[in-house]
Amino acid sequence: QKEVEQNSGPLSVPEGAIASLNCTYSDRGSQSFFWYRQYSGKSPELIMSIYSNGDKEDGRFTAQLNKASQYVSLLIRDSQPSDSATYLCAVNIRNNDMRFGAGTRLTVKP
Amino acid sequence: DTAVSQTPKYLVTQMGNDKSIKCEQNLGHDTMYWYKQDSKKFLKIMFSYNNKELIINETVPNRFSPKSPDKAHLNLHINSLELGDSAVYFCASSQTGDGPQHFGDGTRLSIL
Numbered sequence: 011q012k013e014v015e016q017n018s019g020p021l022s023v024p025e026g027a028i029a030s031l032n033c034t035y036s037d038r039g040s041q042s043f044f045w046y047r048q049y050s051g052k053s054p055e056l057i058m059s060i061y062s063n064g065d066k067e068d069g070r071f072t073a074q075l076n077k078a079s080q081y082v083s084l085l086i087r088d089s090q091p092s093d094s095a096t097y098l099c100a101v102n103i104r105n106n107d108m109r110f111g112a113g114t115r116l117t118v119k120p
Numbered sequence: 014d015t016a017v018s019q020t021p022k023y024l025v026t027q028m029g030n031d032k033s034i035k036c037e038q039n040l041g042h043d044t045m046y047w048y049k050q051d052s053k054k055f056l057k058i059m060f061s062y063n064n065k066e067l068i069i070n071e072t073v074p075n076r077f078s079p080k081s082p083d084k085a086h087l088n089l090h091i092n093s094l095e096l097g098d099s100a101v102y103f104c105a106s107s108q109t110g111d112g113p114q115h116f117g118d119g120t121r122l123s124i125l
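Protein chains in written order, with my numbering: chain A, 11 to 120; chain B, 14 to 125.
Shown next as structure tokens:
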């Protein structure tokens, strides 16, 4: 089983819709969780951090964490064409050791 | 001011050569990392260092040797380059071992 798994996509949504990205992880002891956005040819850019169960909102982005189900998700409300990118789920499986999912490519169509 | 800077941005070289990539961070972070992103865009950890000390060596061939002269710098030296080493290499840093990481712009390594 891979350490961090994401829906490989690609995911396509119309402008203004909600995009939903999902991630599961295998190490039950993991404590910190992140979503990164990566535009083609660019470096990963941090969007959200989440450390405890529940929802965390930041502008149009909401991260959700369920440690019992080992599940992390990212919702993007009012999706914009500029949100089109690859979204990477990242999990710190132990200190100084972050593992990434394979990424989900999102396309927002005008 | 660039927070995590890598040089060079592009590296084109022949099989068998030795090359180095430099990384510097001005964020005052204690932990630095090297990642490899292959053609399928999968980002895989190679090494992590905390305050100049090696913490993680993720089954990387010993042709790859990281060096951290101080906690603001983590360089990567690669010996006897192989075709399979072609990838984008990212340096990153974080304040704590479980905190978010900030990435450099990457070094695209192409082996001819």
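All residues carry an ideal CB built from backbone N, CA and C; glycine is no exception.
Could you tell me whether any Cβ in chain B is nearer than 8 angstroms to the Cβ of residue i?
i	result
THR114(A)	no
SER59(A)	yes
ASP7(A)	Outside the shown range of chain A (11 to 120) lies residue 7(A), about which nothing can therefore be said.
THR96(A)	yes
PHE71(A)	no
ASN102(A)	yes
Mark residue i as exposed unless 16 or more other C-beta atoms lie within 10 angstroms of its C-beta, in which case mark it buried.
i	result
ARG76(B)	exposed
GLU66(B)	exposed
ARG22(A)	Residue identity differs from the one stated: residue 22(A) is Ser in this sequence, not Arg. Its Cβ having fewer than 16 others within 10 Å, SER22(A) is exposed.
PRO74(B)	exposed
ALA78(A)	exposed
GLN90(A)	exposed
PRO79(B)	buried
LYS49(B)	buried
VAL14(A)	buried
GLY111(A)	buried
Checking the sheet assignment: what are the DSSP bridge partners for residue i?
i	result
TYR48(B)	ILE58(B), PHE103(B)
PRO24(A)	LYS119(A)
Output the boundary residues of the beta strand (DSSP E) element that contains residue i.
i	result
PRO82(B)	77-83
SER50(A)	Here SER50(A) belongs to no beta strand (DSSP E), and DSSP marks it neither H nor E.
GLN27(B)	First-last for GLN27(B): undefined, no H or E at that position.
ASN32(A)	29-35
LYS12(A)	Careful: LYS12(A) lies outside any beta strand (DSSP E) and carries neither H nor E.
LYS35(B)	32-38
Counting contacts by CB-CB distance shorter than 8 angstroms, is residue i in contact with chain A?
i	result
PRO21(B)	no
ASP51(B)	no
ASP118(B)	yes
* Contacting positions in the stretch 26-49 of chain A - beta carbon closer than 9 angstroms to chain B -> GLN41, SER42, PHE44, TYR46, GLN48
* Scan the stretch 55-81 of chain B for residues whose Cβ lies nearer than 7 angstroms to a Cβ of chain A and list them as they occur along the chain. => PHE55, LEU56, ILE58, SER61, ASN63, ILE68, ILE69
* To do: Could you run through the stretch 105-116 of chain B and flag, in chain order, every residue whose CB is less than 9 angstroms away from some CB of chain A?
  => ALA105, SER107, THR109, GLY110, ASP111, GLY112, PRO113, GLN114, HIS115, PHE116
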